[in-house]
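Novice:
Written out as structure tokens, the structure reads:
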């Protein structure tokens with residue numbers, strides 16, 4: 133069976149290039165990916181720890197930390213961690229380490245898998261989880277089963293589009309090979325033009341939805357601190373998304389031969405890394421922090437009320 137044009141282009145690129153040597157930009161990208169992954173693990177641990185020590189069901193309901201939103205928060209942490217792990221597919225030193233597992237001259241195949249994992253699964257899931265949490269803070273928490281189904285369904289269209297491009301044989305869907313270049317002339321991972329188009333569609337869908345949801349949260353926020361968090365989400369989680377599209381899109385249309393692709397790819401990943409870390413901090417970790425602070429204050433408030441009742445008597 134004939135391979136798809138995207139796969140054929142990756143095989144040809146693997147034959148005419150050698151695995152590249154890692155540069156400074158690659159190590160910076162690895163450090164940024166490790167930071168996102170560590171924060172995602174920390175967020176999951178914080179949620180699990182709070183769940184273990186929370187004793188007041190009323191406290192959970194007041195701060196939306198019950199089962200209905202615990203699932204989306206865990207999904208947000210999972211997809212952010214997956215996005216960071218997917219970045220490893222682009223890094224030269226990890227691609228060289230996987231050389232023993234890959235057939236000869238197929239070192240470009242991980243570059244082809246990167247858009248599928250990162251932007252067909254991880255980023256749609258992360259953005260859908262964030263949108264669900266923002267909408268729930270205004271309209272009320274959905275049922276746990278509904279949130280568990282909604283996020284995977286939100287990933288399905290983008291995952292399906294990536295799979296169709298990679299799996300459709302060349303004799304069925306013929307398009308210019310330039311649209312599927314997954315590596316530059318030096319062997320560094322580029323970003324295929326078809327994937328850039330799908331990423332643009334993803335951001336075009338979620339950017340206005342997330343921005344509107346943040347403004348809705350700011351409009352109904354009960355204090356200045358919550359309003360500031362909503363504005364921070366717009367600034368650091370929504371605004372970086374077009375930067376990611378622009379940076380990765382440049383590697384798909386600009387044939388670069390002087391080790392510039394890693395720098396442009398780094399800019400694209402740093403943009404989404406900032407967005408992911410902002411979502412993890414504001415939507416996962418800070419609500420737990422607020423709950424723990426309130427948990428410490430409730431006994432003091434209760435003691436004050438009891439003392440007032442005693443004086444009244």
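Numbering (the working numbering), first residue to last: 133 to 445. Heads up, the beta-carbon is just placed ideally off N, CA and C, and yes, glycines get one too. Computed from a predicted model, the values in this text were never measured in an experiment.
(1) Please state whether DSSP places residue 217 in a helix, a strand or coil.
(2) Enumerate in chain order the residues of its own chain whose CB-to-CB distance from residue 140 is below 7 Å, with the five nearest sequence positions on each side excluded.
(3) If we call anything under 9 Å between Cβ atoms a contact, is residue 224 one with residue 146?
(4) Look up residue 315 in the DSSP assignment and give the residues it is bridged to.
(5) Inspect the beta-carbon positions of residue 179 and residue 408 and report whether they are closer than 9 Å.
(6) Which runs of the alpha helix (DSSP H) at least 4 residues long sit entirely within the stretch 339 to 400? Give them in chain order.
(7) Between residue 239 and the rest of its own chain, which residues show a CB-CB distance below 6 Å, the 5 nearest in sequence each way excluded?
(8) Does the separation of the CB atoms of residue 218 and residue 254 fall below 9 Å?
(9) I'd like the span of the alpha helix (DSSP H) that includes residue 148, first residue to last.
(10) Using 8 Å as the cut-off, can you tell me whether the stretch 312 to 329 makes contact with the stretch 244 to 263, which would need three or more C-beta pairs spanning the two stretches below that distance?
(11) Where does residue 292 land, buried or exposed, given buried means 16+ other C-beta within 10 angstroms?
(12) How big is the Cα-Cα spacing for residue 285 and residue 311?
(13) Is the stretch 400 to 414 close to the stretch 368 to 380, with three or more CB pairs under 8 Å?
(14) On a Cα-Cα basis, can you pick out the residue from 345, 315, 357 that is closest to residue 383?
(15) Between which two residues does the alpha helix (DSSP H) carrying residue 270 extend?
(16) Tell whether a beta-carbon distance below 9 Å holds between residue 349 and residue 362.
(17) When the Cα of residue 410 is compared with those of 366, 149, 337, which residue comes out closest?
(18) The alpha helix (DSSP H) that contains residue 415, what's its start and end?
(19) Assuming contact is defined by CB atoms lying nearer than 9 Å, are residue 416 and residue 205 in contact in what I supplied?
(20) Taking only three categories from DSSP, how would you classify residue 183?
(21) Assuming residue 173 and residue 213 are in contact, meaning their beta carbons sit under 8 Å apart, how far apart are those beta carbons, in whole angstroms?
(22) Suppose the cutoff is 7 Å on Cβ atoms and the five residues either side in sequence are ignored; what does the same chain contact list for residue 263 look like?
(23) Helix or strand or just coil, what does DSSP make of residue 300?
(24) Taking just the CA atoms, how far does residue 354 sit from residue 168?
(25) Please state whether DSSP places residue 404 in a helix, a strand or coil.
(26) Please go through the same chain and pick out, in chain order, the residues whose beta-carbon is closer than 8 Å to the beta-carbon of residue 395, but skip the five residues on each side of it.
(27) Among 257, 237, 177, whose alpha-carbon lies nearest the alpha-carbon of residue 211?
(28) From residue 418 to residue 207, what does the alpha carbon distance come to, in whole angstroms?
(29) Please determine, among 136, 144, 220, the residue with the shortest C-alpha to C-alpha distance to residue 166.
(30) Please classify residue 288: is it buried, with 16 or more other beta-carbons within 10 angstroms of its beta-carbon, or exposed?
Specialist: In this structure, then:
(1) In the chain shown, the residue the question calls residue 217 occupies position 85. Helix, per DSSP.
(2) For the purposes of this step, residue 140 is taken as the residue at position 8 of the chain shown. Hits under 7 Å: 302.
(3) The residue you call residue 224 lines up with position 92 of the chain shown. The residue you call residue 146 lines up with position 14 of the chain shown. Cβ distance not < 9 Å, so residue 224 and residue 146 don't count as in contact.
(4) Your numbering for residue 315 matches position 183 in the chain shown. For residue 315, which the question treats as bridged, DSSP gives the partners 321.
(5) If you number the chain shown from 1, residue 179 lands on position 47. If you number the chain shown from 1, residue 408 lands on position 276. In this structure, residue 408 does not lie closer than 9 Å to residue 179 by Cβ.
(6) 356 to 365, 372 to 385
(7) Counting from 1 along the chain shown, the entry for residue 239 is found at position 107. Within the same chain, residue 239 has close Cβ partners 146, 151, 227.
(8) The residue labelled residue 218 in the question sits at position 86 within the chain shown. The residue labelled residue 254 in the question sits at position 122 within the chain shown. Yes, Cβ-Cβ distance for residue 218 and residue 254 is below 9 Å.
(9) The residue you call residue 148 lines up with position 16 of the chain shown. Counting along the chain, the alpha helix (DSSP H) containing residue 148 begins and ends at 137 to 148.
(10) yes
(11) Counting from 1 along the chain shown, the entry for residue 292 is found at position 160. Exposed.
(12) As a working note, residue 285 is residue 153 in the chain shown. As a working note, residue 311 is residue 179 in the chain shown. If I take the Cα positions, the gap works out to 27 Å.
(13) yes
(14) Within the chain shown, residue 383 is the residue found at index 251, counting from 1. Selected option, being the one with the closest Cα: 315.
(15) Residue numbering aside, residue 270 sits at position 138 when the chain shown is read from its first letter. Its alpha helix (DSSP H) spans residues 255 to 271.
(16) Position 217 of the chain shown, counting from 1, holds the residue named residue 349. Position 230 of the chain shown, counting from 1, holds the residue named residue 362. Yes. Within cutoff.
(17) On the chain shown, position 278 is the one that residue 410 refers to. The candidate whose alpha carbon is nearest that of residue 410 is 366.
(18) Here the question's residue 415 lines up with position 283 in the chain shown. Run containing residue 415: none; DSSP gives neither H nor E here.
(19) Taking the chain shown and counting its residues from 1, one reaches residue 416 at position 284. Taking the chain shown and counting its residues from 1, one reaches residue 205 at position 73. Yes.
(20) In the chain shown, residue 183 corresponds to position 51, counting from 1. In the structure shown, residue 183 sits in a helix (DSSP, three-state: H, G or I).
(21) Taking the chain shown and counting its residues from 1, one reaches residue 173 at position 41. Taking the chain shown and counting its residues from 1, one reaches residue 213 at position 81. About 7 Å; that satisfies the 8 Å criterion.
(22) Indexing the chain shown from 1 puts residue 263 at position 131. Once the five neighbours on either side are set aside, the close Cβ partners of residue 263 are 338, 341, 342, 345.
(23) One-based indexing of the chain shown puts residue 300 at position 168. It is coil, neither helix nor strand.
(24) One-based indexing of the chain shown puts residue 168 at position 36. One-based indexing of the chain shown puts residue 354 at position 222. Distance between the alpha carbons of residue 168 and residue 354: 30 Å.
(25) Here residue 404 is taken as the residue at index 272 of the chain shown, counted from 1. Helix at residue 404.
(26) Position 263 of the chain shown, counted from the start, is the residue given in the question as residue 395. For residue 395, where only same-chain residues beyond five positions count, the Cβ hits under 8 Å are 157.
(27) Sequence index remark: in the chain shown, residue 211 carries index 79 (1-based). Cα-wise, what sits closest to residue 211 is 257.
(28) Locating residue 418 in the chain shown gives position 286, where the first residue counts as 1. Locating residue 207 in the chain shown gives position 75, where the first residue counts as 1. When rounded, the distance between both Cα atoms is 16 Å.
(29) Residue 166 sits at position 34 when you count from the first residue of the chain shown. Answer by Cα proximity: 220.
(30) For this step, residue 288 is matched to residue 156 along the chain shown. Residue 288 is exposed by the Cβ-count criterion.
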